[in-house]
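Chains as they are written, first to last, in the numbering used here: chain A, 1322 to 1764; chain F, 1322 to 1764.
There are 2 protein chains.
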Amino acid sequence: MNAEEFRRRGKEMVDFVADYMENLEQRPVFPDVEPGYLRSLIPTEAPLEPENYDEIMKDVERVIMPGITHWHSPYFYAYFPAASSYPAMLADMLSGAIGCIGFSWGTASEATLMSLLAARCKIVRRVQSINPEMSEPEIFIKLVAYTSEQSHSSVERAGLIGGVMMKKIPTDSTYAVTGDTLKKIVEKDKEAGLIPFYFCATLGTTASCAFDHISELGPICNEQNIWMHVDAAYAGSAFICPEFRPLLNGIEFADSFNLNPHKWLLVNFDCSAMWVKKRQDMIGAFKVEPLYLRHENQESGRFISPELGYHWQIPLGRRFRSLKMWFVFRMYGLQGLQAHIRKQVGLAKEFESLVRADKRFEICADVIMGLVCFRLKGSNELNQNLLKRITKRREIHLVPCHLTGRFVLRFAICSRTTESHHIREAWRHITQLTFELLQESIQ
Amino acid sequence: MNAEEFRRRGKEMVDFVADYMENLEQRPVFPDVEPGYLRSLIPTEAPLEPENYDEIMKDVERVIMPGITHWHSPYFYAYFPAASSYPAMLADMLSGAIGCIGFSWGTASEATLMSLLAARCKIVRRVQSINPEMSEPEIFIKLVAYTSEQSHSSVERAGLIGGVMMKKIPTDSTYAVTGDTLKKIVEKDKEAGLIPFYFCATLGTTASCAFDHISELGPICNEQNIWMHVDAAYAGSAFICPEFRPLLNGIEFADSFNLNPHKWLLVNFDCSAMWVKKRQDMIGAFKVEPLYLRHENQESGRFISPELGYHWQIPLGRRFRSLKMWFVFRMYGLQGLQAHIRKQVGLAKEFESLVRADKRFEICADVIMGLVCFRLKGSNELNQNLLKRITKRREIHLVPCHLTGRFVLRFAICSRTTESHHIREAWRHITQLTFELLQESIQ
């Protein structure tokens, strides 16, 4: 869908929304469907090729609306109000377009925390089944969780929030955690009387897009009853392309997995997808059920939503995020989404080759996805100064990272509309600023 | 703004969004403003009377755009991508209109958890400053938090997640916690060697919209170094009306406060506003800062956003939610928002008087805001059967609650478009079903 078609469809959608609001009274406020009704109405897989927009809008009435509780119907007197107004909707359209992210990038953080808390609950039960006299805090004090020294800051924070020790595991020359390293640390900790219970692996680290060796790490975790959470917030989207699947080898050992479609799968922020091997582990950790949240079908097993919802996350409420995934999957098709991923990886490779052709620069980590880590050969200060100039000039926007003590520039292919000429312009701009910087340092 | 105007403005907004996306390359990717630039561009208070929509859209360019980092510019190579596509935006428009809430109602839960974790961090520091030899888990084991037996289930859950004991305080005949009750429990717990550290008060409970007596509770908490969090998720919006302010007496003793504009302030889900007395208490609890999240202005104190952002919540990222608050405040003005609250309270009073006029029914709690708790005089089973019929008929939608062991029906004024005739229809429907129910139970 291009801008032209969006103008047309967007205006149709405005009318659809206005019609919906004006005629809400005519719709039954509460759905007359059984849990599971959706299953027979939708295909089991995302379409391979893009679908027709009109088909999707037809399905909104055929598939979606029959299952909706209309929170804004004047016949809705349940819970408390969910506010709604036209100005708020207009602002939300704009907010969705600007699509800026409040100073960071994701709700993978929440998935990490949830998995850590579920793992904490599970280990406490296991220890208490063997030593019933041990209290929760007596167990907490011995718990130890692990993650890569390269993992996202939210993992460390999950440890802080969960009140457990979080140890950072050193990485190899590709910035990945290997099985041997983890194994030695776990053994040493067990000898010291600690209880290893959680490991957060990363597929595609933030700093350099490194991939922990989960095919080595997984069996160790399984053997030692350590919950393995796999954070693939960014790179996870790429696994829709078969050529990237080998990076997923070992995923069968994972207890939980997360990717953020809002990063690389064309779904606007926010949208984070989490998978858990045994959902009972997750529900058990957080189940608190007052009367006003109970309903008839929840024990039937056909009804997955409450578990997906308030037992699996910190906030009770959540937006209707699956709707935008559904639109995107159907309008692009698997092929369209694969093409998007492949194009962006190609652009990263193109940028990499530009950097490699300039002997003043070095590439600092393997370019596997859409991220290129590079720096000027020389001091950290020199690279800090280069980045300062780039930021000050405001033509392009980059952020840095540290890799084994070195200050490194991260060039991530982000925008859906980035083309080859943007990459070349960006590189010209960087080399121009480099030239100025080096000239001045000579003077 | 009515549906007609929304159709016009919505279509303009679609064009604005398409223009924005098509011309994104022309905008500098990174803002050229200093932190605090906004302060001189906007008034210090929300407008009293509604403003003109064109003025707001002019201000989008004048006020908002200069401060935006354009995450979807092809010159943005920072962090990782934030996905965006036209189909996702269309779906989000629809999602905003449907505005359903994933099986519950809010992110006040998150504010509660954050305040509990901050309080936990603060008390650990305090105890360790006196007894430096005590470890964190040794302190955790003695911590005790409190909340009303009527408070929202998310408070209990916050205790579970935070790994601390959460005691439920009995309420008086109005379902509110009083100072005397809390005081006695705190004293007893201290004698038993426990460390009271947190109390979550509620202004407007979920079950019956009861108000804890914070003017009595606050001084006790302050004196005992107990963090007092005030959860006013629903009723908080009503404090824009002076006549409801007396219910806020004692707020000066609170350490943190939360309301959900997405409940009762015409701002679509989700939007939860939290206030903390000493922001250092909140930041201290969660600060983890990797290089890629640091920036120049963060230590200047002029820059509140990082604290409002990732140190104050579980997810790192957040949507640009203030935009919709800004649109709504300006398009309604304080007077318009007050009128909305007052109208809904009036409708609740109207429903109350209909219930009171029918001797078969009883009102179960004071009607203060937009919630009416009522039941048929008789057994819980009778009332459960009545609610089952209401739910099955799907004309209106209600949820129940328990008040001192009694099964009670909650009638909450929710929709912005609810009018007096809807209330009367709803009551006719309820009395009709009651008639059928009672007829059948006679036969």
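The beta carbon of each residue, even a glycine, is placed where N, CA and C say it ideally should be.
Treat the numbers as computed from the prediction; the structure is a model and nothing was measured.
Cβ neighbours of residue i in the same chain (closer than 7 Å, five flanking residues each side left out)
| i | result |
| --- | --- |
| serine 1674 of chain F | none |
| lysine 1776 of chain A | Residue 1776 of chain A falls outside the range modelled here, since chain A spans only 1322 to 1764, and no answer is possible. |
| glutamine 1665 of chain A | Gly1691 and Ile1734 |
| leucine 1369 of chain A | Gly1654, Leu1655 and Gln1656 |
| threonine 1502 of chain A | Ile1490 and Pro1491 |
| alanine 1479 of chain A | Thr1433, Leu1434 and Leu1437 |
| isoleucine 1744 of chain A | Leu1668, Glu1671 and Phe1672 |
| methionine 1455 of chain F | Val1448 and Gln1449 |
Neighbour list for residue i in chain F, Cβ cutoff strictly below 8 Å
| i | result |
| --- | --- |
| serine 1416 of chain A | Arg1640, Phe1641, Arg1642, Leu1644 and Lys1645 |
| glutamate 1716 of chain A | Pro1349, Val1350 and Tyr1396 |
| aspartate 1353 of chain A | Arg1715 |
| leucine 1438 of chain A | Ile1482 |
| phenylalanine 1732 of chain A | Tyr1398 |
Below-8 Å beta-carbon distance, residue i vs any chain A residue
| i | result |
| --- | --- |
| proline 1349 of chain F | yes |
| cysteine 1735 of chain F | yes |
| arginine 1328 of chain F | yes |
| serine 1469 of chain F | no |
| proline 1402 of chain F | yes |
| leucine 1362 of chain F | no |
| threonine 1712 of chain F | yes |
| arginine 1357 of chain F | Just to set this straight, residue 1357 of chain F is glycine in the shown sequence, not arginine. Not an interface residue. |
| alanine 1678 of chain F | no |
| phenylalanine 1756 of chain F | no |
| glutamate 1671 of chain F | no |
| aspartate 1375 of chain F | no |
| isoleucine 1625 of chain F | Only weak support is given to the placement of isoleucine 1625 of chain F: the predicted model assigns it a pLDDT of 38, under 50, and the question is left unresolved by the model. |
| aspartate 1687 of chain F | no |
| serine 1621 of chain F | Residue confidence for serine 1621 of chain F is low, a pLDDT of 41 falling below 50, so the modelled location carries little weight; the figure read from the coordinates is stated next. Cβ-Cβ to chain A under 8 Å: no for serine 1621 of chain F. |
| tryptophan 1426 of chain F | With a pLDDT of 35 at tryptophan 1426 of chain F, under the threshold of 50, the modelled position of this residue cannot be trusted, and the question is left open. |
| alanine 1747 of chain F | yes |
Residues near residue i by beta carbon distance below 6 Å, same chain, minus five either side
| i | result |
| --- | --- |
| alanine 1556 of chain F | Leu1524, Gly1525 and Met1690 |
| leucine 1515 of chain F | Lys1463 and Val1465 |
| glutamate 1620 of chain A | A caution first: glutamate 1620 of chain A carries a pLDDT of 41, below 50, which makes its placement in the model unreliable, though a value can still be read off. Excluding residues within five positions, none has a Cβ falling inside 6 Å. |
Minimum Cβ-Cβ distance from residue i to chain F less than 8 Å
| i | result |
| --- | --- |
| asparagine 1589 of chain A | yes |
| proline 1387 of chain A | no |
| methionine 1334 of chain A | yes |
| phenylalanine 1578 of chain A | no |
| leucine 1719 of chain A | yes |
| proline 1408 of chain A | yes |
| glutamate 1343 of chain A | yes |
| glycine 1331 of chain A | yes |
| histidine 1550 of chain A | no |
| valine 1338 of chain A | yes |
| methionine 1322 of chain A | yes |
Partners in chain F for residue i, counting only beta-carbon separations shorter than 7 Å
| i | result |
| --- | --- |
| threonine 1739 of chain A | Pro1395 |
| glycine 1484 of chain A | Glu1457, Phe1461 and Gly1484 |
| isoleucine 1419 of chain A | Ile1389 and Phe1641 |
| histidine 1534 of chain A | Within 7 Å Cβ-Cβ: nothing; histidine 1534 of chain A doesn't reach chain F, min ~22 Å. |
| isoleucine 1763 of chain A | Chain F residues near isoleucine 1763 of chain A: none, gap ~27 Å exceeds 7 Å. |
| phenylalanine 1560 of chain A | Per Cβ cutoff of 7 Å: no residues; phenylalanine 1560 of chain A is ~15 Å from chain F at best. |
| methionine 1652 of chain A | Pro1408 |
Residue nearest to residue i in terms of C-alpha spacing, selected from the options
| i | options | result |
| --- | --- | --- |
| alanine 1686 of chain F | F:Ala1531, F:Ser1416, F:Lys1599 and F:Lys1488 | F:Ala1531 |
| valine 1551 of chain A | A:Phe1520, A:Arg1737, A:Lys1584 and A:Met1334 | A:Phe1520 |
| aspartate 1591 of chain A | F:Ser1416, F:Met1595, F:Val1476 and F:Asp1501 | F:Ser1416 |
| arginine 1348 of chain A | F:Gly1571, F:Gln1764, F:His1750 and F:Arg1715 | F:Arg1715 |
| leucine 1758 of chain F | F:Ser1741, F:Ile1711, F:Leu1719 and F:Phe1732 | F:Ile1711 |
| threonine 1499 of chain A | A:Leu1538, A:Thr1739 and A:Ser1700 | A:Leu1538 |
| arginine 1441 of chain A | A:Glu1459, A:Ala1429 and A:Glu1325 | A:Glu1459 |
| phenylalanine 1578 of chain A | A:Ala1594, A:Lys1584 and A:Ile1717 | A:Ala1594 |
| tryptophan 1748 of chain F | F:Arg1696, F:Arg1737, F:Cys1722 and F:Glu1761 | F:Arg1696 |
| threonine 1390 of chain A | A:Ile1363, A:Leu1658, A:Pro1364 and A:Pro1356 | A:Pro1356 |
Close-in-space but distant-in-sequence residues of the same chain around residue i (CB under 8 Å, 5 per side omitted)
| i | result |
| --- | --- |
| histidine 1393 of chain F | Met1342, Leu1345, Ala1403 and Ser1405 |
| phenylalanine 1424 of chain F | Confidence at phenylalanine 1424 of chain F is low in this model, with a pLDDT of 46, below 50, so the placement of that residue should be treated as unreliable; the coordinate-derived value is given next. Excluding residues within five positions, none has a Cβ falling inside 8 Å. |
| leucine 1359 of chain F | Val1384 and Gly1388 |
| arginine 1566 of chain F | Phe1560 |
Contact list for residue i against chain A, beta-carbon separation under 8 Å
| i | result |
| --- | --- |
| valine 1649 of chain F | Ser1406, Pro1408, Ala1409 and Ala1412 |
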